[in-house]
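Asker:
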Amino acid sequence: MTDYEAAILDVDGTIVRGGALIPGAEQGIRSLDRAGCDRLLVSNNPTSGTNHYGDRLESHGIDVDTTRILTSATLSASYLADTHPDETVYLVGSDALESILTAAGVTVTTDPDEADVVLGSFDESFSFGTLWESLQALENGTPFYGTDPDVTIPVDGGSMPGSGSILAAMEAVAGREPDAILGKPSAVAAETALERLESDPRRTLVVGDRLDTDIALGNRAGMTTAAVLTGVTDRTDVEDATGDFAPDHVLESLGDVESLL
Numbered sequence: 004m005t006d007y008e009a010a011i012l013d014v015d016g017t018i019v020r021g022g023a024l025i026p027g028a029e030q031g032i033r034s035l036d037r038a039g040c041d042r043l044l045v046s047n048n049p050t051s052g053t054n055h056y057g058d059r060l061e062s063h064g065i066d067v068d069t070t071r072i073l074t075s076a077t078l079s080a081s082y083l084a085d086t087h088p089d090e091t092v093y094l095v096g097s098d099a100l101e102s103i104l105t106a107a108g109v110t111v112t113t114d115p116d117e118a119d120v121v122l123g124s125f126d127e128s129f130s131f132g133t134l135w136e137s138l139q140a141l142e143n144g145t146p147f148y149g150t151d152p153d154v155t156i157p158v159d160g161g162s163m164p165g166s167g168s169i170l171a172a173m174e175a176v177a178g179r180e181p182d183a184i185l186g187k188p189s190a191v192a193a194e195t196a197l198e199r200l201e202s203d204p205r206r207t208l209v210v211g212d213r214l215d216t217d218i219a220l221g222n223r224a225g226m227t228t229a230a231v232l233t234g235v236t237d238r239t240d241v242e243d244a245t246g247d248f249a250p251d252h253v254l255e256s257l258g259d260v261e262s263l264l
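If you're matching positions, the sequence shown starts at 4 in the working numbering and goes up one per residue.
#1: Take every Cβ of the stretch 104-117, pair it with every Cβ of the stretch 38-51, and state whether three or more of those distances are shorter than 8 Å.
#2: Between A96 and S130, how many whole angstroms is the CB-CB distance? I'm expecting something under 8 Å.
#3: How would you label E101, buried or exposed, when you count the other beta carbons within 10 angstroms and need 16 or more for buried?
#4: Can you grab the Cα-Cα spacing for the pair D119 / L208, in whole Å?
#5: Round the Cβ separation of L83 and L44 to the nearest angstrom and send it over; I've been treating them as touching at under 8 Å.
#6: Can you list, in chain order, the residues of its chain with a C-beta nearer than 8 Å to that of A219? Leave out the 5 residues immediately preceding and following it.
#7: I'd like the list of long-range same chain contacts for T77, defined as Cβ closer than 7 Å, with 5 residues on each side in sequence excluded.
#8: What's the C-alpha gap between H55 and V121?
#9: Check D41 in the structure and name its three-state DSSP category.
#10: In whole angstroms, what is the alpha-carbon distance linking A224 and E194?
#11: Can you find at least 3 beta carbon pairs, one from the stretch 156-163 and one from the stretch 130-145, that sit closer than 8 Å?
#12: So the candidates are G149, A196, D251 and V19; which of them puts its Cα closest to the Cα of T70?
#13: Start and end of the alpha helix (DSSP H) containing F131?
#14: Starting from G149, trace the beta strand (DSSP E) both ways and give me its first and last residue.
#15: Span of the alpha helix (DSSP H) holding V191?
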């Protein structure tokens, strides 16, 4: 009988890398299911909604209920719709994120003069012009949010720049940090995940490959944390980690999660 009633799982770097299923991931998910752990996938991918991961994992033979998926895009959309209704969001981000925001009832603009709120995120078309416009949008204390702090994103063969790199540029010109990050490791993400699972944080396990997002989210919310070595973190990183970034457990892959159950 496991001590855990639920598990929060990262996706990229934990279950998949690029288009490939990480060895051991399916085994780990089956172990959680056999132990009776309700599972929730929480990704800091700001370009995807719930259906993306449902379809993606289904293609690998893993069934996922789309109500058991959160992404930094859907978290941001829900938060902005709830806390800034009837306000216009100036978006530095992808077309996919814009669609997710719009579907949640958020009004989006690319005109800095119309900005009531600013949201920064991953944007493949980010340019000097975008940075200049974001500076204009951020003047006069406009509320400033980021989807996620991931500086890089794991892909086949390496990494690519992520939302955190875009936010760093926006922070530099604005002279201030975002008022909040809405994906992992924020309190917004942790609270939403626990509400969705209806679980006690003391009986919830978080498994992920990033110490500064997955592990920090779990530690700050009073959950048990396990870092996997299939993504951006290696053993040296774990040995050097302190405070919120230090995991309770280290696993070679998600396939080893059975040892904790």
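We treat Cβ as the ideally placed atom computed from N, Cα and C, and that holds for glycine.
Answerer: Judging by the given coordinates:
#1: No: the two stretches stay apart, fewer than three of their Cβ pairs being nearer than 8 Å.
#2: Walking along the sequence shown from the start, residue 96 turns up at place 93. Walking along the sequence shown from the start, residue 130 turns up at place 127. Here residue 96 turns out to be Gly, not Ala, going by the sequence shown. Wrong, their Cβ atoms sit about 14 Å apart, outside the cutoff.
#3: Taking the sequence shown and counting its residues from 1, the one referred to as residue 101 is at position 98. By the 10 Å Cβ count, E101 comes out buried.
#4: If you number the sequence shown from 1, residue 119 lands on position 116. If you number the sequence shown from 1, residue 208 lands on position 205. Cα to Cα, the separation comes out at about 38 Å.
#5: Mapped onto the sequence shown, residue 83 falls at position 80. Mapped onto the sequence shown, residue 44 falls at position 41. Contact check for L83 and L44: beta-carbon distance about 22 Å, past the 8 Å limit, so the pair fails to qualify.
#6: Position 216 of the sequence shown, counting from 1, holds the residue named residue 219. So the qualifying residues of the chain are K187, P188, D247 and F248.
#7: If you number the sequence shown from 1, residue 77 lands on position 74. The residues are G52, T53 and I103.
#8: Taking the sequence shown and counting its residues from 1, one reaches residue 55 at position 52. Taking the sequence shown and counting its residues from 1, one reaches residue 121 at position 118. So the two alpha carbons sit approximately 25 Å from each other.
#9: Here residue 41 corresponds to residue number 38 of the sequence shown, with the count starting at 1. For D41, the three-state secondary structure derived from DSSP is strand.
#10: Here residue 224 refers to the residue found at position 221 of the sequence shown. Here residue 194 refers to the residue found at position 191 of the sequence shown. If I take the Cα positions, the gap works out to 8 Å.
#11: Because the criterion of three Cβ pairs below 8 Å is not met, the stretch 156-163 and the stretch 130-145 do not touch.
#12: Indexing the sequence shown from 1 puts residue 70 at position 67. Answer by Cα proximity: A196.
#13: Here residue 131 refers to the residue found at position 128 when the sequence shown is read from its first residue. That run of the alpha helix (DSSP H) goes F131 to A140.
#14: Working through the sequence shown from its first residue, we reach residue 149 at position 146. It spans F147 to G149 - the beta strand (DSSP E) in which G149 sits, taken as one unbroken run.
#15: On the sequence shown, position 188 is the one that residue 191 refers to. It spans A190 to L200 - the alpha helix (DSSP H) in which V191 sits, taken as one unbroken run.
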